[in-house]
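The structure appears right after this line, and notes come after that.
Residue numbers (the working numbering): 5 to 387.
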């Protein structure tokens, strides 16, 4: 049997340059000698790896019907040793691709069952039925797959899964960025990066210009136009101090890094409402804010508060209490030396512990084990 260490990553949902998929996993594997191809929605941008484009439909049902078929057709042609997919809608595709002489990895980015139950636009009974159907589908299709878990607590749900955390790439430009209390600029801007939606605190954070009349809030991440319109409405006559970059469009990784580098930020924000889906997660944006030496201002969920207390890198507050949010912002503004200390603590933690390079070692070791198992299974199959 020919084993070329050929790996195919597959997504019908994520942007082809998704940080976890492309910048972390695919590039790490390619540097380690794997032959990596990514099947993903079409893009005109240049890539360091081979990208096989598929059409992405805006309509979810068309995407699930046609994009998934395109993924299967292209993946089948490639005859990979390892298939690694990133969307639950690709479970049937991955199941069809699984053979005795290859490996299939399901990369679980989210707690999907909990996420479905949070979709309040669906009737509760329907949510329960969809959740039950998803769990059953997952149990059937993923039975012979390896599981890659992006969060620590997912191992409670999938005890056999391999935890590969979504820690940030070590960006020396950010880590070398000097954090000082003497910036020469007024500290009146806060930053949010990543997708912007209701469950991620869009409407809570849109109130910041009303809560603190000195604050301008900047958002860099994809935001649906309807959500953006509601955010501006929430900010009312202070909407000029609400800057949303990424309305109905993807914001490239490089543009976000430029924002970390080129502005003085009072805090990086993550004021989310309490939901089962997020309150146990360590957000990727935490690590990015820390890399840039930016203090974190986040919701006081127990897991988040414990994280902030452990690394002394920010302030956790009740996201529903405007006065508590205003007091936290005022504290950071009045005590720049303390804000700078939080920023330096964050950088130190990322440099020494919370970084992708540590997770990359785990990923490559795990892949080598999976590849070896597939090779042995292929040899047995050929006899």
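Ideal Cβ placement from N, Cα and C applies to all residues, glycine included.
Query raised in the report: Is residue 54 helix, strand or coil by DSSP?
Result: Taking the first residue of the chain shown as position 1, residue 54 is located at position 50. DSSP places residue 54 in strand when its eight states are reduced to three.
Query raised in the report: Among the residues of its own chain, which have a CB less than 6 Å from the CB of residue 68, if the five just before and after it don't count?
Result: For this step, residue 68 is matched to residue 64 along the chain shown. Closer than 6 Å at Cβ, skipping near neighbours: 93.
Query - Residues that residue 14 bridges to, as DSSP identifies them - result: Here residue 14 corresponds to residue number 10 of the chain shown, with the count starting at 1. BP columns for residue 14 point to 43 and 89.
Report task. Please name the residue in 248, 316 and 205 whose C-alpha comes closest to that of residue 229. Result -> Numbered from 1 along the chain shown, position 225 holds the residue referred to as residue 229. For residue 229, the closest alpha carbon among the candidates 248, 316 and 205 is that of 248.
Query raised in the report: Which residues bound the alpha helix (DSSP H) around residue 223?
Result: Taking the first residue of the chain shown as 1, we reach residue 223 at position 219. Looking at the DSSP string, residue 223 is not in any alpha helix (DSSP H); the run it does join, the beta strand (DSSP E), is 220 to 227.
Query raised in the report: According to DSSP, is residue 174 helix, strand or coil?
Result: What you label residue 174 is simply residue 170 of the chain shown in a count that begins at 1. Three-state result, residue 174: coil.
Query raised in the report: Using DSSP with H/G/I as helix, E/B as strand and the rest coil, what is residue 363?
Result: Taking the chain shown and counting its residues from 1, one reaches residue 363 at position 359. In this structure, residue 363 counts as helix in the three-state DSSP scheme.
Query raised in the report: Which residues bound the alpha helix (DSSP H) around residue 82?
Result: What you label residue 82 is simply residue 78 of the chain shown in a count that begins at 1. Unbroken alpha helix (DSSP H) run through residue 82: 72 to 82.
Query raised in the report: What do you reckon, are the CB atoms on residue 289 and residue 205 nearer than 8 Å?
Result: Stepping through the chain shown from its first residue, residue 289 is reached at position 285. Stepping through the chain shown from its first residue, residue 205 is reached at position 201. It is not a contact, given that the beta carbons lie outside the stated cut-off.
Query raised in the report: Rounded to a whole number of angstroms, what is the C-alpha to C-alpha distance between residue 377 and residue 27?
Result: In the chain shown, the residue the question calls residue 377 occupies position 373. In the chain shown, the residue the question calls residue 27 occupies position 23. Between residue 377 and residue 27, the C-alpha separation is close to 26 Å.
Report task. Measure the C-alpha to C-alpha separation of residue 250 and residue 210 and round it to an integer number of angstroms. Result -> As a working note, residue 250 is residue 246 in the chain shown. As a working note, residue 210 is residue 206 in the chain shown. Distance between the alpha carbons of residue 250 and residue 210 is about 15 Å.
Query raised in the report: Does DSSP classify residue 324 as helix, strand or coil?
Result: Residue 324 sits at position 320 when you count from the first residue of the chain shown. Of the three classes helix, strand and coil, the one that applies to residue 324 here is coil, per DSSP.
Query raised in the report: Taking Cβ positions, are residue 43 and residue 58 nearer each other than 8 Å?
Result: For the purposes of this step, residue 43 is identified with residue 39 of the chain shown, where counting begins at 1. For the purposes of this step, residue 58 is identified with residue 54 of the chain shown, where counting begins at 1. For residue 43 and residue 58, yes; Cβs fall inside 8 Å.
Query - Rounded C-alpha distance that separates residue 137 from residue 164 - result: Against the chain shown, residue 137 aligns to sequence position 133. Against the chain shown, residue 164 aligns to sequence position 160. The alpha-carbon atoms of residue 137 and residue 164 are separated by roughly 22 Å.
Requested in this report: Within 10 angstroms of the Cβ of residue 110, are there 16 or more other Cβ atoms? Answer buried if so, exposed if not.
Outcome: Here residue 110 corresponds to residue number 106 of the chain shown, with the count starting at 1. Burial of residue 110 is indicated by the presence of at least 16 other C-beta atoms within 10 angstroms of its C-beta.
Query - Among 331, 55, 174 and 363, the one whose alpha carbon lies nearest that of residue 322 - result: One-based indexing of the chain shown puts residue 322 at position 318. Nearest C-alpha to residue 322: 331.
Query raised in the report: Looking at residue 40 and residue 18, is the spacing between their C-beta atoms short of 8 Å?
Result: As a working note, residue 18 is residue 14 in the chain shown. As a working note, residue 40 is residue 36 in the chain shown. The answer is no: Cβ separation not under 8 Å.
Requested in this report: Provide the residue(s) that pair with residue 111 in DSSP beta bridges, ordered along the chain.
Outcome: The residue given as residue 111 occupies position 107 in the chain shown. For residue 111, which the question treats as bridged, DSSP gives the partners 152.
Requested in this report: Tell me whether residue 157 sits in a helix, a strand or coil according to DSSP, three-state version.
Outcome: In the chain shown, the residue the question calls residue 157 occupies position 153. In the structure shown, residue 157 sits in coil (DSSP, three-state: anything other than H, G, I, E or B).
Query raised in the report: Does the stretch 124 to 133 touch the stretch 101 to 108, meaning 3 or more C-beta pairs lie closer than 8 Å?
Result: No: the two stretches stay apart, fewer than three of their Cβ pairs being nearer than 8 Å.
Query raised in the report: Can you give the Cα-Cα distance for residue 170 and residue 213, rounded to whole angstroms?
Result: Residue mapping note: residue 170 aligns to position 166 of the chain shown, counting from 1. Residue mapping note: residue 213 aligns to position 209 of the chain shown, counting from 1. C-alpha separation (whole angstroms): 31 Å.
Query raised in the report: Can you give the Cα-Cα distance for residue 334 and residue 219, rounded to whole angstroms?
Result: Looking up residue 334 in the chain shown gives position 330. Looking up residue 219 in the chain shown gives position 215. Computed Cα separation, rounded: 10 Å.
Query raised in the report: Based on the DSSP secondary-structure assignment, which residues constitute the bridge partners of residue 317?
Result: Indexing the chain shown from 1 puts residue 317 at position 313. Answer by DSSP bridge pairing: none, since residue 317 is not bridged.
Query raised in the report: Thinking C-alpha only, which one of 86, 35, 95 and 253 is nearest residue 16?
Result: On the chain shown, residue 16 is found 12 positions in, with the first residue counted as 1. When each option's Cα is compared against that of residue 16, the closest is 95.
Query raised in the report: Whose CA, out of 50, 134 and 317, lies closest to the CA of residue 116?
Result: By 1-based counting over the chain shown, the position of residue 116 is 112. Residue 134 is the option with its Cα nearest to residue 116.
**Report entry** Endpoints, the beta strand (DSSP E) within which residue 339 is located
**Finding:** Walking along the chain shown from the start, residue 339 turns up at place 335. Per DSSP, residue 339 belongs to no beta strand (DSSP E) and is neither H nor E.
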